[in-house]
Structure formats: C-alpha cells, structure tokens
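Enquirer:
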Amino acid sequence: MKSIIAGLALTALGCSAFTAQANTPNTGWKQAAKSDINWNYVGAGYAKATIKNIGPDDIDLDGYQLNARYLLSDNLYLHASYYDVSGDVGVADIELEASELVVGLGLRQAVAKNIDSFIEAGYVRSEMEVVGFEKRTFNGFQASAGFRYLVIQNLELSAALRYNDSSGSDSSTFGDISARYRVTPMIDLYINYQFDSDASLLGTGVALNF
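Residue numbers (mature numbering (1 follows the signal peptide of the UniProt record, and there is no 0)): -22 to -1, 1 to 188.
Structure (structure tokens):
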C-alpha cells in the first residue's frame, strides 16, 4: 500500500507503454480494567487494494489478508497482520503483486467498560513486484494509536492512525477504521478500511475468538 506501491505502479505503466487517558504522570501505565472487548483472535479474509492518482484510471489489486492479536498480560499484547494482493496493470496486462507483513507489540488501556484505547509499534516488511521486470523489498517500522468501542453487545467499531517508515521509501501516515459483528461468542464478521491520499486497502472476513 501507500506511496511505495504507487511508485512501483508507475514502473508497471511504463512497461506497458495514544490517548491521554492511557498514561498518568509519575505513575506509568495503570493496570487495565476489565472490559468486554476481546483481544485474543485470529482472522482471515478477502483484501482489495486500490491505487489512486496513477494514470487516468485507478488500479485494483485483489487477494487475501490475515490478522491476529493475543494478550500477554492485562495491558501488553502481540499483534500481526499480513496481506497479499495482485492484478493486471495497463493495456499490456503487466502483473503487479504487493504484500506487507506487520509484527509487533501493543499496549491497551480500558477507558470504560466498552472502550479500550491502544498504542502499537512493530516491524513492517513490504514487497512489491512488477512480475518479470522489477521487484522491491522495504523494511521498517510502524507505529499506531487508536481506540476500540463496543457500541452494543454484538457490534464493535474501531479507528486508528498509523505511521509507516521504511528504508528506501517515503514515510506515510494513514487512517484505519473497522467494524466487527459478533455472530457467536467464537465468531466475528469484520470489515476494515485503510486509506491515505494515494491508496486504500479494503478487507472483509471472519475472525475466530479464543
């Protein structure tokens, strides 16, 4: 996603022709209160990336995504996400592939029984390829801050601001909004949308709670 994908898409076209309540001065992180929001799950689903401002038409790439979170303590958790998308670009049908892996740690804080705030930091690895012509790999870090809000018993909304900084590419800041609907205590349906001015990533799928 983001500007590095947009830069690689130009190559393809050429070939074809924390919230303030989470921390208290001098006391550090407060012990997390119990909340109704689940932080232990694995999810999988469909992913669609759209690259904008490249030529006359947007470029759409389709594939899949995986995501997971796991609480290590009341506050600390592991998080991981991965997506892999591909599609044809231009009149010559040049194939473009893109993937991104993010792995890191997060800190959560219960603001209320139905609201959690969080911050995250982690390693990010992005790979982009114009198949048969060029492949690029970028390594860096991602930092995020946001909240999760349980609107009603079966419906959760979340929003975050995320920052990526990778070697050999421009840094980027993008929004991340999600909705989850609980079908059973073990199964959620989710939809997620990440976006900046140059690209977006839409995902939808199923999460297994544990």
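Backbone N, C-alpha and C define an ideal beta-carbon position, used for all residues, glycine too.
Out of D62, A177, E105, point me to the one whose CA is closest to S144's CA.
Expert: Residue 144 sits at position 166 when you count from the first residue of the sequence shown. When each option's Cα is compared against that of S144, the closest is E105.
Enquirer: If you draw a straight line from the C-alpha of G183 to the C-alpha of Y168, how long is it?
Expert: If you number the sequence shown from 1, residue 183 lands on position 205. If you number the sequence shown from 1, residue 168 lands on position 190. So the alpha carbons of these two residues sit roughly 6 Å apart.
Enquirer: What are the boundary residues of the beta strand (DSSP E) that I72 is part of?
Expert: Here residue 72 refers to the residue found at position 94 of the sequence shown. 72 to 90 is the extent of the beta strand (DSSP E) around I72.
Enquirer: Do you know how far the Cα of Y19 is from the Cα of residue 216?
Expert: The requested residue 216 does not occur in the structure, where the chain is confined to residues -22 to 188.
Enquirer: In terms of DSSP beta bridges, what is N170 paired with?
Expert: Position 192 of the sequence shown, counting from 1, holds the residue named residue 170. S156, G181.
Enquirer: Note down, one range per segment and in chain order, each beta strand (DSSP E) of at least 3 residues found wholly within the segment 116 to 163.
Expert: The segment 116 to 163 contains these whole beta strand (DSSP E) runs: 133 to 144, 150 to 162.
Enquirer: Using a Cβ-Cβ cutoff of less than 6 Å, which residues in the same chain neighbour G6 once the five nearest sequence positions on both sides are dropped?
Expert: Residue 6 sits at position 28 when you count from the first residue of the sequence shown. For G6, the predicted model reports a pLDDT of 48, less than 50, meaning its position is unreliable and no value from the coordinates is stated.
Enquirer: Rounding to the nearest angstrom, what Cα-Cα distance links F178 and Y171 in this structure?
Expert: For the purposes of this step, residue 178 is taken as residue 200 along the sequence shown, with counting starting at 1. For the purposes of this step, residue 171 is taken as residue 193 along the sequence shown, with counting starting at 1. Position check: residue 178 holds Ser in this sequence, whereas Phe was assumed. Spanning the two alpha carbons is a distance of roughly 7 Å.
Enquirer: Does the Cβ of L74 have 16 or more other Cβ atoms within 10 Å, making it buried, or fewer, making it exposed?
Expert: Mapped onto the sequence shown, residue 74 falls at position 96. Per the 10 Å Cβ criterion, buried.
Enquirer: With contact counted as at least three CB pairs below 8 Å, one residue from each stretch, are the segment 21 to 40 and the segment 56 to 73 in contact?
Expert: Verdict: yes, contact present.
Enquirer: Distance check for Y55 and K30, CA to CA, integer angstroms please.
Expert: Here the question's residue 30 lines up with position 52 in the sequence shown. Here the question's residue 55 lines up with position 77 in the sequence shown. Roughly 34 Å separates the two Cα atoms.
Enquirer: Relative to the C-alpha of R140, which candidate in R126, Y127, N132, F152 has its C-alpha closest?
Expert: What you label residue 140 is simply residue 162 of the sequence shown in a count that begins at 1. Considering only alpha carbons, the answer is F152.
Enquirer: May I ask you to report which of helix, strand or coil DSSP gives K113?
Expert: The sequence position of residue 113 within the sequence shown is 135, counting from 1. In the structure shown, K113 sits in a strand (DSSP, three-state: E or B).
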